[in-house]
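So for the sequence shown, our numbering puts the first residue at 35; every next one is plus one. Glycine included, C-beta positions come from ideal geometry on N, C-alpha and C. Notes for the one structure printed next.
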Amino acid sequence: MDERLDGNVLAGMLGELFDFDATTAKGRCRHCGDEAVLAEAHVIAHDGEFVARCRKCDAELLVAMEHHDDVVVSFRGLRGLGIHPAY
Numbered sequence: 035m036d037e038r039l040d041g042n043v044l045a046g047m048l049g050e051l052f053d054f055d056a057t058t059a060k061g062r063c064r065h066c067g068d069e070a071v072l073a074e075a076h077v078i079a080h081d082g083e084f085v086a087r088c089r090k091c092d093a094e095l096l097v098a099m100e101h102h103d104d105v106v107v108s109f110r111g112l113r114g115l116g117i118h119p120a121y
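Set out below in structure tokens:
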């Protein structure tokens, strides 16, 4: 059964890839242009795969999953990802 969560569920998996809290990065939906931090995305979890969807139009923003010892992420639904650097 699919579980509906918010984007904060991605923190652990994306934290393995990035040296910052990726849920604070701003993404722009390729479909509707809405811009929001990833924590505000609607996430559907199913069998270890996480699909983040736009909070406005429900379009797919990204798909994240573990595959063997790797974390695999597709950002195909994002037009851009803004990261505020920490100094």
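Helix, strand or coil for residue i, going by three-state DSSP, please let me know.
i	result
A73	helix
L96	strand
G82	coil
G49	helix
For residue i, which beta-bridge partners are listed by DSSP?
i	result
L39	V77
D104	H101
K60	V71 and G116
R87	H76 and E94
Below 8 Å CB to CB, which residues in the same chain sit around residue i once its five sequence neighbours on both sides are set aside?
i	result
D68	R62, C88, R89, K90 and C91
E83	V97, A98 and M99
Which word fits residue i, buried or exposed, when buried means at least 16 other C-beta atoms lie within 10 angstroms of its C-beta?
i	result
F52	exposed
G111	buried
G116	exposed
G41	buried
L43	The sequence given here has Val at residue 43, not Leu. With 16 or more other Cβ atoms within 10 Å, it is buried.
For the putative contact between residue i and residue j, defined by C-beta atoms under 8 Å, what is the C-beta separation to the nearest angstrom?
i	j	result
T57	V77	That pair is no contact at about 10 Å.
A45	D36	About 20 Å; that fails the 8 Å criterion.
Identify, in the order they occur along the chain, each residue of the same chain with its Cβ nearer than 7 Å to the Cβ of residue i, setting aside the five sequence neighbours on each side.
i	result
L39	V77 and A79
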